[in-house]
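Sequences listed follow chains A and B, in order.
Just so we're aligned, residue 404 is where the first sequence starts under my numbering, counting upward by one.
Just so we're aligned, residue 23 is where the second sequence starts under my numbering, counting upward by one.
Glycine residues also receive a C-beta, built at the ideal position from the N, C-alpha and C atoms.
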Amino acid sequence: GAVVSQHPSRVICKSGTSVKIECRSLDFQATTMFWYRQFPKKSLMLMATSNEGSKATYEQGVEKDKFLINHASLTLSTLTVTSAHPEDSSFYICSARTGYNEQFFGPGTRLTVL
Amino acid sequence: GQSLEQPSEVTAVEGAIVQINCTYQTSGFYGLSWYQQHDGGAPTFLSYNALDGLEETGRFSSFLSRSDSYGYLLLQELQMKDSASYFCAVMNTGFQKLVFGTGTRLLVSP
C-alpha cells in the first residue's frame, strides 16, 4: 500500500507556543489530505480536509485560526497548532487519498502541551 | 448529523470467532469500511463494503445491509495480535470524507 509519513512522531511544548506537524505522501501524489484528532481510547474525529492549492475545509467546531492547515504541494500538508494549550494535547493523525479513493493513514503525532 | 455506533468493548479467547457490529446514521453513504488500530499506532485498512452482502478477506469478513444501516466485522481464528481497537467508517457520497465510528476495543485472551 501507499506510504504516508508524519513528522514529528512526538512533540512536547510549553503552553503558548506553536507546533507544526508535517504529513507527507511518500510514493504517490495526494490531491486531498485529511487531519484527524484522537483522544485516548476515543475515536478519530475529522478536523479538516486539505486540498492542494486551496483553503482547507474545517469541520464544525474546529477553529481554523487555531489549527492552521497548509497544503502547498501534492505530497505535503502541514497542521500548525497555534498558541497551544494543555487541552490541545492529543494524537493527531493525517491521511492521504489516492486517485483510487483509498485513504492511507500516517503513523500519528502525539502532542503534549505542558 | 452523523453517527456510527459500535459496542465499546468485546472480549474473546484465542481461536474463537467474534463479531463487531456497527449501526450508522449518515447524511450520505457510499460505503462502509473497517479499520484496525493498535495502541499508539495508525489505523490500518481491513475491509470495505459498497454493496449489500459479505466480503471475505482471509480471517476477516465484513457484512453490510444498507436497508438496515448496519454492518459487522467478523474475525475468525482469533489470535493474540488481534487485540486492538476496531473502527467502522462511512465514506459519504462524493468521496468527500471518511467518518469514523465510536470504536470497539477487542481483547483476546489465551
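What first and last residue would you give for the beta strand (DSSP E) that runs through residue i?
i: A/H474; result: 470-476
i: A/S493; result: 493-500
i: A/V465; result: Premise fails: A/V465 is in no beta strand (DSSP E) and is neither H nor E.
i: A/K423; result: 422-428
i: B/T124; result: That residue, B/T124, is in no beta strand (DSSP E); it is neither H nor E in DSSP.
i: A/S547; result: Only positions 404 to 517 of chain A appear in this structure, which leaves residue 547 of chain A out of reach.
Put residue i into one of helix, strand or coil per three-state DSSP.
i: A/E490; result: helix
i: A/V406; result: coil
i: B/Q28; result: coil
i: A/Y439; result: strand
i: B/I42; result: strand
i: A/F507; result: strand
i: B/A34; result: strand
i: A/S453; result: strand
i: B/L129; result: strand
i: A/L447; result: strand
To the nearest whole angstrom, what separates the beta carbons of residue i and residue j, a pair I think is in contact under 8 Å?
i: A/T483; j: A/S421; result: 6 Å
i: B/L97; j: B/F85; result: At roughly 12 Å, the Cβ-Cβ gap does not stay under 8 Å, so B/L97 and B/F85 are not in contact.
i: B/L68; j: B/Y57; result: 6 Å
Where are the beta strand (DSSP E) runs, 3 residues long or more, that stay fully inside the stretch 54-121 of chain B, in chain order? 66-71, 75-79, 82-87, 92-97, 106-113
Quick one: which residues of the stretch 447-475 of chain A get their C-beta closer than 7 Å to a C-beta of chain B? List them in chain order. L447, L449, T452
Chain-ordered residues of the stretch 81-92 of chain B with a beta carbon less than 9 Å from chain E: Reference to chain E is not applicable here, since the protein chains of this structure are A and B.
Using Cβ-Cβ distances below 9 Å, what residues of the stretch 119-132 of chain B are close to chain A? K119, L120, V121, F122, G123, T124, G125, R127
With 9 Å as the limit, tell me which residues of the stretch 411-427 of chain A have their beta carbon closer than that to any beta carbon of chain B; keep them in chain order. none
With 7 Å as the limit, tell me which residues of the stretch 481-503 of chain A have their beta carbon closer than that to any beta carbon of chain B; keep them in chain order. I496
For the stretch 59-71 of chain B, which residues have a beta carbon sitting closer than 8 Å to at least one beta carbon of chain A? G62, G63, A64, P65, T66, F67
Using a Cβ cut-off of 9 Å, which residues of the stretch 91-114 of chain B contact any Cβ in chain A, in chain order? S107, F109, A111, M113
Compile a chain-ordered list of the residues in the stretch 506-517 of chain A whose CB is closer than 7 Å to at least one CB of chain B. Q506, F508, G509, P510, G511
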